[in-house]
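full-length UniProt numbering applies: residue 1 is where the sequence shown begins, and numbers increase by one. Yeah, the Cβ is synthetic: ideal placement off N, Cα and C, and Gly gets one too. Okay, so here's the structure we're looking at.
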Amino acid sequence: MKKLLTGNEAIARGAYEAGVKYASAYPGTPSTEILENIATYKEEILAEWAPNEKVALEAVIGASIAGARSMASMKHVGVNVAADPLFTYAYTGVNGGMVLVTADEPGQHSSQNEQDNRNYAKFAKIAMLEPTDSQEAKDMTKAAFEISEKYDTPVLLRMTTRVCHSKGIVECKEREEVGIIDYVKNTKKYITVPAHARILRLKVEERLQKLLEFSNNTSLNYIEWNSTKIGVIASGGCCSYAKEVFGDSASYLKLGFTHPLPTEKIKEFCKKVEKVYIIEENDPYIEEQVRMLGFDCIGKNLIPFCGELTPDVIRKAVYGKENPSIDYDADKVVPRPPTLCAGCPHRGFFYTLGKRKNLLVSGDIGCYTLGFAEPYNAMDYNICMGASISAGHGAQQVFSMQENSPMRAVAVLGDSTFFHTGINSLLDVAYNRSNTITVILDNRITGMTGHQENPGSGYTLQGKETRPVDIEKLVKACGIDQVVVINPNNLKAVEDALDWALSLNEPAVIITRWPCVLKKFSPQDKEEFKGSFTKRCTVDTEVCIGCRSCIKTGCPAIYFDKTSKKASIGLDCVGCEVCLQVCPKQAIQKEEA
1 MKKLLTGNEA IARGAYEAGV KYASAYPGTP STEILENIAT YKEEILAEWA PNEKVALEAV
61 IGASIAGARS MASMKHVGVN VAADPLFTYA YTGVNGGMVL VTADEPGQHS SQNEQDNRNY
121 AKFAKIAMLE PTDSQEAKDM TKAAFEISEK YDTPVLLRMT TRVCHSKGIV ECKEREEVGI
181 IDYVKNTKKY ITVPAHARIL RLKVEERLQK LLEFSNNTSL NYIEWNSTKI GVIASGGCCS
241 YAKEVFGDSA SYLKLGFTHP LPTEKIKEFC KKVEKVYIIE ENDPYIEEQV RMLGFDCIGK
301 NLIPFCGELT PDVIRKAVYG KENPSIDYDA DKVVPRPPTL CAGCPHRGFF YTLGKRKNLL
361 VSGDIGCYTL GFAEPYNAMD YNICMGASIS AGHGAQQVFS MQENSPMRAV AVLGDSTFFH
421 TGINSLLDVA YNRSNTITVI LDNRITGMTG HQENPGSGYT LQGKETRPVD IEKLVKACGI
481 DQVVVINPNN LKAVEDALDW ALSLNEPAVI ITRWPCVLKK FSPQDKEEFK GSFTKRCTVD
541 TEVCIGCRSC IKTGCPAIYF DKTSKKASIG LDCVGCEVCL QVCPKQAIQK EEA
C-alpha cells in the first residue's frame, strides 16, 4: 500500500508499524503533526500531550523501562528542556526501544534560535539517524527501535523543517506487534547513584564502539559512485539539495546513521575523490570529523553557516550563480507582517498595556509575542518557554534595590506556556515575594502551534474528557494571594486590573480569560462564552471623523480609505468591541454577523 505522506506523517506511520505502544510530546513547529498523527492509531498507541518536553520524555522513559516501545517528539528547543532526563537515560540504556524525535529548524521560521541538535547525540553519546525524505522517515523510525533495543541505547531521530513538511510517496506495511518486554528490577542499571553511574559511564563508551562498527557497516550509510572529480558528503535533507545542484557530476556519501559517524566509510570515500564538499546545515558537524580524519574539504569556508541550504543557496555558494527567476516590481508587493487575528483576545490587553509608562514587560513564546510590535510596543524581551515570570522576577528584584525607582516588571505568558514551565517560575515569585505582576493570557487552548489540547482545556489529545486545571486556584495554591480574572476585551477592566496590581507591594496575578477566535468551541466553552463571535462591528461613515483611533488597535479587520478619509471594518470582524471602545465619536456599532 502506497500513501502520499509528509515526513511527520511518515514518522507516525513508522511508529505504528514498529509496534510502538506509547508516545508523548509537547507541540512545537515543525514537530507538532508527528504526535497528532500517532494519535489517530487509537486502538494500538496511547498518545498524550504532556505539559512540557521534559515531562514528555520522562513519561516515555518510564514506558520504555516498563518494557514498551515508546517515542517522544519535540522541536529543537524542546530538547533543551528535555536534556536532563535524556543524558541520564543515555547512561542507563533502555528496556523497550526508545526514540526521541528532534525537529530542527534551519532558517528559524518560527523559533527563537537555530541550534543544531546533532550535537545532542554526540554530547549524550547516543545513536542518531537522519532521514532525507518521507520514505526514509518511516523506514528509519522502524530501524531506530531495532537499534535502540539491540544496542541498549536511546536513539535520536533528527528531522529538519523541509523533511518534516515535504510530501513523498511512502510504501506502507502492516503493523508488527512487538510484545511488552518483562520488567526486571535492576537497580545497578536504573538507579544512577554515583557508584552505579561510574560503571554505566564505561558501558556508554563500550556501546559507542559497537555503534561505530555498526555505522561503518550499515546500509543506512552508503556511497553512490559517479564522477570522482567531486565527492559530496551530506545527511538528511541536504542530500536532496546537493543532488539537485551537482547531479551526476559528483559522487555521494549519503549518511543516514550519523552518530557515531562512519569513519572508515568516510576514509574510503575521501581517498577516491579529488575534491570533497561537505553539505550540511548549521554546524560543521560532519566537516569536523572529516578534518579530524586528515582530509581537506570544502565546508563552512564556502557553504553558509546558518539558514536553510536550499539548492539555490548551494548553487550560488559553489558556482556563484542562481537559476533564473521571474522578475517583479518589489515596490508593488504589499508587506504582510505577522499580526494578531481579528478578534484575538490579546489585542485589548496589549493595546492598554502599551500605553503605560515605567513598565518593563517580560514576554514569552506564543502568538502574544507579537505584543512587542507596532502598534502596541508592549514587550521588552522574551527568552524561552516559561521564562517570562522568572525573568520578570529578577528584573523586579533589581528595580526594588533602587530607591524611588518608578519601574515595575510585568510578566506576560499564555495558558499553555504557564502549564509548560511558568508554574515553577511563579513559585519563585511567590517564594521570594517580589512585587512582580504576572499576566496569564488564558485563551483556552494552545494557540500558536495549531490548537492542541492542554491541561486547562478539559480534553486529552485522543478526545477523552478530563478534569481541566483551574488556573486561578492553581495560582493561589502557588502562594499568590492577589488574583483577579478579567475579560481582556473590556478595556476598562484591563485598566482597572493594571491599576490594582500596580498599587500592591506584593505578587499579583491577572488572568485574562477569553477564547482564541480560531478555537473550536467545546460544550463548556459554548456555555461559558455564550454569544461570543456572533456579532460584528461596523462604522457609521456619517459620524466617523477619520481620526484613525480604531486603526491604532492593530486589528487587521479595520482599514482606512484614504479617498473618503473614513475607517471601515471588513467581514472578518467578530465583534470583540475593542475598536468600539476606543472610538471617540461612537461611530462604531455592533450588528449580527
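The stretch 421–483 contains, as complete alpha helix (DSSP H) runs of 4+ residues, the segments 423–432 and 471–477 (chain order). Contact between Ala-127 and Leu-211 is confirmed by a C-beta separation of about 5 Å, below the 8 Å threshold. Around the beta carbon of Tyr-252, 16 or more other beta carbons sit within 10 angstroms, so the residue counts as buried. DSSP places Tyr-41 in the coil class of the three-state scheme, outside both helix and strand.
In this structure, Lys-254 places its C-beta atom within 8 Å of the C-beta atom of Cys-239. For the pair of segments examined, the stretch 471–479 was found to touch the stretch 422–435: the number of CB pairs separated by less than 8 Å reaches three.
Ile-471 and Tyr-190 have their C-alpha atoms roughly 36 Å apart. The three-state secondary structure of Phe-560, taken from DSSP, is strand. Phe-419 is classed as buried because its beta carbon has at least 16 other beta carbons within 10 Å across all chains shown. When the alpha-carbon of Asn-505 is set against those of Glu-58, Met-407, Ser-457 and Gln-112, the nearest one is in Met-407. Two segments are said to touch when three or more pairs of C-beta atoms, one from each, lie closer than 8 Å; by this definition the stretch 81–93 touches the stretch 52–65. Separation of the CB atoms of Thr-29 and Thr-449 is rounded to 6 Å, and the pair is thereby assigned contact status at 8 Å. In the three-state reduction of the DSSP assignment, Cys-537 falls in the strand class.
For Val-155, the uninterrupted beta strand (DSSP E) run begins and ends at 155–160, by DSSP. Assigned with DSSP and collapsed to three states, Ile-180 falls in coil, not helix or strand. C-alpha of Ile-551 to C-alpha of Asn-8: approximately 40 Å in a straight line.
When the Cα atoms are used, Gln-462 and Ala-557 turn out to be separated by approximately 34 Å.
The stretch 5–55 is shown to contain whole alpha helix (DSSP H) runs of 4 or more residues at 7–17 and 32–38, in chain order.
For Gly-247, the secondary structure class from DSSP, reduced to helix, strand or coil, is helix. A buried status is given to Arg-513, since no fewer than 16 other beta-carbon atoms sit within 10 Å of its beta-carbon. Going by DSSP, Tyr-222 is part of the beta strand (DSSP E) stretching over 221–224. With fewer than 16 other Cβ atoms inside 10 Å of its own Cβ, Ala-195 counts as exposed.
The alpha-carbon separation between Leu-370 and Phe-214 amounts to approximately 47 Å.
Counting along the chain, Ser-134 sits inside the alpha helix (DSSP H) bounded by residues 134–151. Taken atom to atom, the span from the alpha-carbon of Asn-186 to that of Ile-34 is near 33 Å. According to DSSP, Phe-257 shares a beta bridge with Leu-129. When DSSP states are grouped into helix, strand and coil, Thr-417 belongs to the helix group. Counting along the chain, Ala-497 sits inside the alpha helix (DSSP H) bounded by residues 491–502. Put simply, the backbone Cα of His-109 is about 15 Å away from that of Asp-116. Comparing alpha-carbon positions, the option among Ser-400, Arg-347 and Ala-395 lying closest to Glu-374 turns out to be Arg-347. About 6 Å separates the CB atoms of Lys-2 and Glu-171; that is less than 8 Å, so the two are in contact.
Counting the other CB atoms within 10 Å of its CB gives Ala-234 a total of 16 or more, which places it among the buried residues. Setting aside the 5 residues that flank it on each side, Phe-246 is surrounded in the same chain by Ile-230 and Val-232, each with a C-beta closer than 7 Å to its C-beta; the list follows chain order.
In the DSSP assignment, no residue is bridged to Met-385. Counting of Cβ neighbours within 10 angstroms places Ile-303 among the buried residues, the total reaching 16 or more. Here the alpha carbons of Asp-561 and Ser-568 stand approximately 7 Å from one another.
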